[in-house]
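Chains as they are written, first to last, in the numbering used here: chain A, 1 to 405; chain B, 406 to 723.
Where a beta carbon is used, it is the ideal one built from N, C-alpha and C, also for glycine.
Just below is one structure, and these are the notes that go with it.
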């Protein structure tokens, strides 16, 4: 870099510190970004605060959800370096931790943690539990201790084998890409010409056919109280399938919807489930299926259902809101995806059939209904999912419900 | 940087804007009413010769930025519309097989040697250049503007392919070799966010989230894009659309819809917005039956009354 006055050196150092703050707060900021930031700031010049803000914004921010965090970090860091010093010291993080847990403060807390990493509070599981107890996160703690016993190596191997056997009742879709295929329907002129040049003599016609690819899979899994005994298994199922194929998106819902795709992408299943435990707040509570589906349809459907996705809905259909608005949202979900499969782990014993209002609101809108009794293991789950479409589809189930009512 | 800039700029083509203010003026002169924040991102992309990555809802003017840049800088616009399964043959290059076959046949008749045939048929003469390769070619007026539209519609393999192209601005064709751009094109990438684009690609770009405009800016846009509309009508239209954006509709109307709606109303000789006029033309603004059903009728009348009351209360524009 060209020799610049001392001021520039200080700017570079400050930019570096700012980048490190962002990185610690969770933004994907690598060393390359710091260099980018210095170059960008020089290109725009520091004339006013707004330009400076948007210059750094263009470099550091990659996704819309990173904007609030960047915004707060920027204002804390560049408006008042003194405040930063304070935050670096011991006092402020404790103060901010005492504040109520609404979204903004949550953000500030992350920032405070980033500015002042406190290794003791997140080192061992034991300390974490004490910490959590103090913060009365008892429901989360329950998730960690009761449901998430570590997976044994044996279990892990079995899970992998089971997922390998899994065959969803969904056909692979032809893509617009081609692969060489000696019995393909189309002539591959490019390969033909290249082969002709190699051999010299007779031109042999090479053929190609369309590649097949499984469609994206979106899993919506109920984690409410009535489903709690299956939660560990479903999470293992979702983790295995997320790491087995691409384009899998996973959501869990109880009273609200949480996207857990990112956390399930961690290779280590126990680590991934710990992460899920941290972010899911409505564990083993009530169910508001309709409300969660509204959220999904509004915020996520266009992002994850775009390429002909198959939706796998795992719920027992017991809805606290007794099915209000549910039919409408199910209809919308049904119309925005390629295929909607409902997996219902009916409770307890053979012959038990919940005839809740929620269930009756949902049934007309699914392409395929798969009830399963005595769901015990990942293997049985995979067996249910892989079975050819049974006679027990939506229509007869509805009749049963109507007769009983 | 300035030197290369002035070398690139031909006497006829306008030079790149020097400061953020100039960028803002340049966009304005081409009838694009931009935020200063957007102008900053555009400025950075132009000067540091990196792609500009624009994300936002449909109809907020992402594609328009590339068109405006091309026209304001008098550069050629090369557009690559993405779709699922887009491959190298339709995005980068393809060999002209039919002509190659004829060439082989002719060469055989003339009894030419194998190596001559090979070098002859894999030469640039038989290369069909698709948008990405075209964008690497030198242009008289300066490097072209390359618009990669709706990148989220392609699949991940193509995205990975773009990585090399966007960082080094070069393409490797096995039969010929590597073709590199002398001057990198001005690249604008847009995404509707129907899926998340990989960070590796975004990292190479300057990112900007294009939001819905506020009422003031939307009115300014409408003035430029639908100049024939009466000011009263424009204000009511903008007020009404802004109200709609606050509702939780399935698909909120974008700026493109606002402009279309205004033009539709003008076509129907509507001088003042009335509930009936709204009901007749709502399909231009909202694209989902559920949304239309929710707004049509009493809700539309209610919103319209609110808007009219607000306009009456606000100080009149000069």
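- Counting only the Cα atoms, residue 438 of chain B lies some 13 angstroms from residue 427 of chain B.
- Here residue 418 of chain B carries a coil assignment [DSSP, helix/strand/coil].
- Here residue 554 of chain B carries a strand assignment [DSSP, helix/strand/coil].
- Within chain B, the residues placing a beta-carbon under 8 angstroms from that of residue 62 of chain A are 604, 607, 608 and 612, ordered along the chain.
- For the pair residue 601 of chain B and residue 213 of chain A, the CB atoms are not nearer than the 9 angstroms cut-off.
- The beta-carbon of residue 290 of chain A is placed no less than 9 angstroms from the nearest beta-carbon of chain B.
- At a beta-carbon threshold of 9 angstroms, the residues of chain A lying near residue 599 of chain B are 302, 303, 304, 305, 306 and 307, ordered along the chain.
- Chain B has no Cβ within less than 9 angstroms of the Cβ of residue 217 of chain A.
- With respect to residue 237 of chain A, residue 159 of chain A sits close: the two C-beta atoms are nearer than 9 angstroms.
- Residue pairing of residue 251 of chain A in beta bridges, as defined by DSSP: A:220 and A:259.
- Comparing C-alpha distances from residue 259 of chain A to each of A:226, A:293, A:228 and A:168 shows the shortest one belongs to A:293.
- Note on geometry: alpha-carbon atoms of residue 446 of chain B and residue 611 of chain B lie some 7 angstroms from one another.
- Taking 9 angstroms as the threshold, the shortest C-beta distance from residue 500 of chain B to chain A falls below it.
- Closest option to residue 314 of chain A, judged by alpha-carbon separation, among A:332, A:371 and A:222: A:222.
- Not a single CB atom of chain B sits nearer than 9 angstroms to the CB of residue 73 of chain A.
- Residue 655 of chain B is positioned such that its CB atom lies closer than 9 angstroms to that of residue 298 of chain A.
- The alpha-carbon separation between residue 511 of chain B and residue 499 of chain B amounts to approximately 21 angstroms.
- Nearest Cα to residue 362 of chain A within the set A:372, A:334 and A:387: A:334.
- For residue 464 of chain B and residue 659 of chain B, the gap between their C-alpha atoms comes out near 5 angstroms.
- For a Cβ distance threshold of 8 angstroms, nothing in chain A lies close to residue 572 of chain B: the least Cβ distance comes to about 11 angstroms.
- Chain-order list of chain A residues neighbouring residue 441 of chain B: 50, 51 and 54, by C-beta distance under 9 angstroms.
- For the segment 463-495 of chain B, residues whose beta-carbon sits nearer than 7 angstroms to a beta-carbon of chain A comprise 489, 490 and 492.
- According to DSSP, residue 611 of chain B shares a beta bridge with B:457.
- Only 28, 39, 40 and 43 from the segment 24-43 of chain A bring a Cβ to less than 7 angstroms from some Cβ of chain B.
- Close partners of residue 175 of chain A in chain B (Cβ separation under 8 angstroms): 489, 490 and 560.
- With a threshold of 9 angstroms between beta carbons, residue 505 of chain B makes contact with chain A.
- Going by DSSP, residue 341 of chain A is part of the beta strand (DSSP E) stretching over 339-345.
- Collapsing the DSSP output to three states places residue 582 of chain B in a strand.
- For residue 499 of chain B, the enclosing beta strand (DSSP E) stretches over residues 498-500.
- In the three-state reduction of the DSSP assignment, residue 234 of chain A falls in the helix class.
- Selection B:460, B:508, B:582 and B:560 evaluated against residue 216 of chain A yields B:560 as nearest (Cα-Cα).
- Residue 423 of chain B and residue 469 of chain B have their C-alpha atoms roughly 22 angstroms apart.
- Leaving aside the five residues that flank residue 697 of chain B on each side, the residues in its chain whose CB is nearer than 8 angstroms to its CB run, in chain order, 687, 688 and 691.
- Chain A has a Cβ within less than 9 angstroms of the Cβ of residue 445 of chain B.
- In the three-state reduction of the DSSP assignment, residue 690 of chain B falls in the helix class.
- Taking 9 angstroms as the threshold, the shortest C-beta distance from residue 196 of chain A to chain B falls below it.
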